[in-house]
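Numbering (full-length UniProt numbering), first residue to last: 1 to 339. For every residue, glycine included, the Cβ atom is placed at its ideal position computed from N, Cα and C. Worksheet: one structure, shown below.
Structure follows, in structure tokens:
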């Protein structure tokens with residue numbers, strides 16, 4: 001039996017009072033006049049027999065969200081107060097693109113930042129056909145809903161990690177000012193004061209007296225460079241816990257440093273597996289990280305080896321995921337990934 005397909009950008013209006021109207025009257029009096037939609041923004045309008053139930057399919061997800069928001073704001077008006085509204089579309093997973101043209105920004109830090117606003121299922125750096133990193137990062141995410149308003153919580157269009165700044169964009173993203181993160185205008189037309197330190201819209205950064213906050217986790221107890229959730233902090237902590245002392249010569253190449261960091265991640269994963277499964281031997285817990293060239297034209301990516309305890313690009317153990325059902329909920333990726 002084929003799975004039921006999810007509804008696309010669909011809402012249902014149901015009359016709660018003894019009111020009847022045809023589809024054309026509903027479109028002109030409710031959708032166009034009261035909610036402010038144009039006919040070219042509506043893909044389908046289903047008027048069910050009886051004149052009391054209507055289903056509307058909008059052309060984009062953004063218009064679907066606008067309908068829910070406008071109805072909530074204007075449901076005291078005469079045509080709208082006789083209807084109730086139900087969303088037939090659930091938030092779907094979507095690809096979020098992040099552009100950060102800074103070679104020191106780590107994938108794990110981008111994932112940690114995104115997890116404040118959504119649930120990240122998978123993330124990877126974008127490479128060209130030759131396997132060279134482009135400065136773009138893409139992640140498959142599920143947006144969260146605000147518990148109070150039931151509206152989707154959108155990701156800010158600007159990402160800041162320490163002194164590095166980047167841009168976030170995805171399908172269905174509302175058009176917002178990247179300075180104050182409010183809808184209705186762009187940054188070039190923004191006249192409102194905005195503090196880049198505490199993100200307050202009542203004063204500028206030069207007048208800010210608030211404590212400095214970490215732009216990775218939002219804590220006021222430390223800054224980004226000392227954040228326990230950052231990739232750099234986890235690498236430093238892993239070095240302190242290792243039984244051997246890494247080479248300290250200043251002449252090491254970047255490849256040597258990356259190889260050493262990968263070894264630290266591998267050892268940490270092996271220790272974690274042994275702690276979770278005490279019956280395993282050291283050889284059974286061994287992790288093999290390999291680099292495989294993607295022949296599909298999308299570039300190279302870090303993939304797991306075939307040994308027991310293989311891990312994916314984010315450092316997550318894949319042993320228990322082979323039999324997982326396709327509908328199982330995804331968990332946030334928290335483990336650091338060497339770039």
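Between the stretch 79-89 and the stretch 12-32 there are three or more inter-stretch CB-CB distances shorter than 8 Å, so the stretches are counted as touching. In the pairwise beta carbon analysis, the stretch 57-73 is classified as touching the stretch 35-45: at least three pairs are separated by under 8 Å. Shown here, residue 219 sits in coil according to DSSP, grouped into three states, outside any helix or strand. Between the C-alpha atoms of residue 21 and residue 140 there is a straight-line separation of about 42 Å.
Setting aside the 5 residues that flank it on each side, residue 179 is surrounded in the same chain by 187, 190, 194, each with a C-beta closer than 6 Å to its C-beta; the list follows chain order. About 6 Å separates the beta carbons of residue 117 and residue 153, which is inside the 8 Å limit, making them a contact pair. In the DSSP assignment, residue 108 falls outside any beta strand (DSSP E) and lies within the alpha helix (DSSP H) extending over 107-114. Rounded to whole angstroms, the gap between the alpha carbons of residue 210 and residue 220 is 9 Å. Assignment of residue 20 by DSSP, reduced to helix, strand and coil, places it in the coil class.
C-alpha of residue 93 to C-alpha of residue 23: approximately 32 Å in a straight line. No residue range can be given for residue 33, since it is assigned to no alpha helix (DSSP H) and is classified by DSSP as neither H nor E. Separation of residue 30 and residue 204 (C-alpha to C-alpha, rounded to the nearest whole angstrom) is 42 Å.
Here residue 127 is not near residue 107, since their CB atoms are 7 Å or more apart. A direct Cα-to-Cα measurement between residue 137 and residue 99 gives close to 6 Å.
Going by beta carbons, residue 168 and residue 157 fall inside the 7 Å limit. When 235, 6, 164, 34 are compared, the shortest CA-CA separation from residue 75 is found for 34. A distance below 7 Å between beta-carbons, with the five flanking residues on each side excluded, links residue 90 to the following residues of its chain, in chain order: 6. Taking C-beta separations shorter than 8 Å and ignoring five residues to either side along the sequence, the partners of residue 227 in its chain run 214, 216, 217, 219, 233, following chain order. For the 7 Å CB-CB criterion, residue 109 and residue 161 form a contact.
Taking residue 159 as reference, the option from 235, 96, 77, 9 with the minimal CA-CA separation is 96. Residue pairing from DSSP leaves residue 208 without any beta-bridge partner.
Runs of the beta strand (DSSP E) lying entirely within the stretch 63-92 and spanning at least 3 residues, in chain order: 83-87.
According to the DSSP assignment, residue 52 belongs to no beta strand (DSSP E), since it is labelled neither H nor E. Of the other Cβ atoms in all chains shown, 16 or more fall within 10 Å of the Cβ of residue 114; this residue is therefore buried. In this structure, the straight-line span from the alpha carbon of residue 87 to that of residue 121 is close to 24 Å. Here residue 77 is exposed. Its C-beta has fewer than 16 other C-beta atoms within 10 Å. Per the coordinates, the alpha-carbon of residue 230 lies some 16 Å from the alpha-carbon of residue 123.
Scanning its chain for C-beta atoms nearer than 6 Å, with the 5 sequence neighbours on each side dropped, one finds around residue 37 the residues 31, in chain order.
When rounded, the separation of the alpha-carbon atoms in residue 200 and residue 129 is 42 Å. Of the residues 236, 134, 133, 182, the one whose Cα lies closest to the Cα of residue 155 is 182. Note on geometry: alpha-carbon atoms of residue 166 and residue 173 lie some 16 Å from one another.
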